[in-house]
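Protein sequence lines correspond, in order, to chains A and B.
Here our numbering = 1-based position in the first sequence + 4.
Here our numbering = 1-based position in the second sequence + 1272.
Idealized CB from N, CA, C, for every residue including glycine.
Note that this is a predicted model, so its numbers are computed, not measured.
In what follows, a single structure is set out as structure tokens and then discussed.
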Amino acid sequence: MDQESFEQMDRSFMKGFKPFRERKIPAEASKGLDAAVEKRIRAKAPLPLEVWVGVPALALGLCLLALAVSKFPFTGEAPSLKPEAAETETQELFQEVELLKALDAWTEEDDALLEISPENSMAELELGVPQLLL
Amino acid sequence: MGSVVETRPDETALIVRARGGDVESFSALVRLYQDRAVRLAYSILGNWEDARDVAQEAFVKAYRSLGGFKAESRFSTWFHRILVNLCKDFLRKKKIRQGFGLFQKSSEEESSPEEAIPSPAPDPFRGVVNQELDQAIRGSLEKLPFRQRSVFALRYLEGLPLEAIANASGLTVGAVKANLWQAGEKMKKFLAPYLSDLEV
């Protein structure tokens, strides 16, 4: 194919098909197409611009709220971490161990498993947590 | 019919408003282009009902993709590309459906050969455009590969300039010419009995 032969063929076809290009489309083919398109768009319309503007505003508000909460002085105490409560729990545990020893249900092996020694039994049973708080 | 859709004075404003979510503005844009869109789809598909369906789909897709439309290019160029791609998808799916239909038909024939095969649904627009030559052209176009078929239809049935066809098809102008040449050679053979009528 060279340029001249292409142009010749192109001109020939353009002339031959001219009546087909001039033919009008049937009215039914495009009648109501705009309404059909609009209906489909509205059925699955994206969020309007105003809503998209509202999303960052809401996010900004949440960020400010989170910042305010984080800066607010926290005065509460965790009840389970109070030194008094930890001491009570340790005493109860020690009493239970004593009771089990009296019933011969607590052996030296159990002591070894918990690594309780006569010297530091109380300190070991407290597991260090109350000491950290104290 | 002119080969190029000229930019209307208010087209840019309609696009800007449609981008902002104004559906009425997009509907006005649809009204500007709907006849050309249906006609262009018909040139490729050869059926008015299919052409209307594909054109509708193309407008909906265009609305949802308006964010990707660059203002420096023309809406018609951008839209034609969407339309041509959808025509291609439509024909591919139709081919698959037809293949499946043939499989079903052959199965039915094997199971009950005396059962009548239902005729295809009537085309309500057929009476308007039914001509022997038109049918011959349609039949010939269907024998072409999609690229040759679409460039041939866009050029000779729609009268689009080569540059517009290149943009709508995602091809270079040189590739459009090559496809037109190949399609033209084949069409001359297919339409041999009608060449004198066509004066080709």
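Determine the direct distance from the alpha carbon of residue j to that of residue i, and round the result to whole angstroms.
i, j, result
"B/S1345", "B/A1440", "12 Å"
"A/A33", "B/G1318", "12 Å"
"B/W1453", "A/F10", "7 Å"
"A/T94", "A/E102", "12 Å"
"B/Y1314", "B/L1304", "17 Å"
"B/V1295", "B/L1470", "44 Å"
"B/W1320", "A/K35", "12 Å"
"A/E26", "B/A1447", "27 Å"
"B/S1297", "B/R1291", "9 Å"
"B/G1411", "B/L1405", "10 Å"
"B/F1418", "B/I1409", "15 Å"
"A/K48", "B/L1463", "46 Å"
"B/R1289", "B/T1444", "32 Å"
"B/K1360", "B/A1285", "31 Å"
"B/A1323", "B/W1350", "18 Å"
"B/K1460", "A/E8", "18 Å"
"A/G65", "A/S74", "14 Å"
"B/H1352", "A/R46", "23 Å"
"A/E96", "A/A109", "17 Å"
"A/K105", "A/T92", "20 Å"
"A/K22", "A/A31", "21 Å"
"B/Y1428", "A/S16", "10 Å"
"B/F1341", "B/V1326", "20 Å"
"A/D6", "A/F24", "27 Å"
"A/Q99", "A/C67", "51 Å"
Taking all protein chains shown into account, do 16 or more other C-beta atoms lie within 10 angstroms of the C-beta of residue i, making it buried, or fewer, making it exposed?
i, result
"B/F1372", "exposed"
"A/V38", "A small correction: the amino acid at residue 38 of chain A is Asp; Val does not occupy that position in the sequence shown. Looking at its Cβ environment, which holds 16 or more other Cβ atoms inside 10 Å, A/D38 is buried."
"B/K1367", "exposed"
"B/G1293", "buried"
"A/F76", "exposed"
"B/A1430", "The identity of residue 1430 of chain B in the sequence shown is Glu, whereas the question assumes Ala. It counts as buried."
"A/A72", "exposed"
"A/E167", "No answer is possible for residue 167 of chain A: the residues shown for chain A start at 5 and end at 138."
"A/A61", "exposed"
"B/Q1306", "buried"
"B/G1399", "Legend: pLDDT at B/G1399 = 42, less than 50; position of this residue unreliable, value from coordinates given subsequently. Exposed, by the Cβ-count rule."
"A/L69", "exposed"
"B/A1329", "Before going further, note that residue 1329 of chain B is Glu rather than Ala in the sequence given. Counting Cβ neighbours within 10 Å, B/E1329 comes out buried, since at least 16 surround it."
"B/S1299", "buried"
"B/Q1420", "buried"
"B/L1413", "buried"
"B/R1336", "exposed"
"A/A116", "exposed"
"B/R1369", "exposed"
"B/R1548", "A question about residue 1548 of chain B goes unanswered here, because the residues of chain B that appear run from 1273 up to 1472."
"B/A1334", "buried"
Please classify residue i: does DSSP put it in a helix, a strand, or coil?
i, result
"A/W110", "coil"
"B/V1360", "In the sequence on display, residue 1360 of chain B carries Lys and not Val. Helix, per DSSP."
"B/R1289", "helix"
"B/N1319", "coil"
"B/A1327", "helix"
"B/L1470", "helix"
"B/Q1255", "The structure shown does not extend to residue 1255 of chain B, since chain B is modelled only from 1273 through 1472, so no value can be given for it."
"A/F21", "coil"
"B/E1344", "coil"
"A/K35", "coil"
"B/R1444", "One point to set straight first is that residue 1444 of chain B is Thr, not Arg, in the sequence displayed. Looking at B/T1444 - three-state DSSP - the assignment turns out to be coil, as it is neither helix nor strand."
"A/S74", "helix"
"A/M5", "coil"
"A/E26", "helix"
"B/S1337", "coil"
"B/E1522", "Examination of residue 1522 of chain B is not possible in this model, given that chain B is present from 1273 through 1472 alone."
"A/L62", "helix"
"B/D1294", "coil"
"B/P1417", "coil"
"A/K2", "Residue 2 of chain A is absent from the model: chain A starts at 5 and stops at 138."
"B/L1463", "coil"
"A/D115", "helix"
"B/D1307", "helix"
"B/D1282", "coil"
Rounded C-beta distance between residue i and residue j? I'm assuming under 8 Å.
i, j, result
"B/L1434", "B/K1449", "7 Å"
"B/I1287", "B/F1347", "6 Å"
"B/V1423", "B/N1451", "5 Å"
"B/L1312", "B/L1355", "6 Å"
"B/L1432", "B/K1458", "In fact, because the Cβ distance is near 20 Å, the residues do not count as touching under 8 Å."
"A/M13", "B/G1456", "5 Å"
"B/F1331", "B/V1310", "Between B/V1310 and B/F1331 the Cβ distance is about 10 Å, and since that is not below 8 Å, they are no contact."
Does at least one heavy atom of the ligand HEM sit under 6 Å from the Cβ of residue i?
i, result
"B/F1351", "Among the ligands in the structure shown, none appear at all, so the ligand HEM cannot be discussed."
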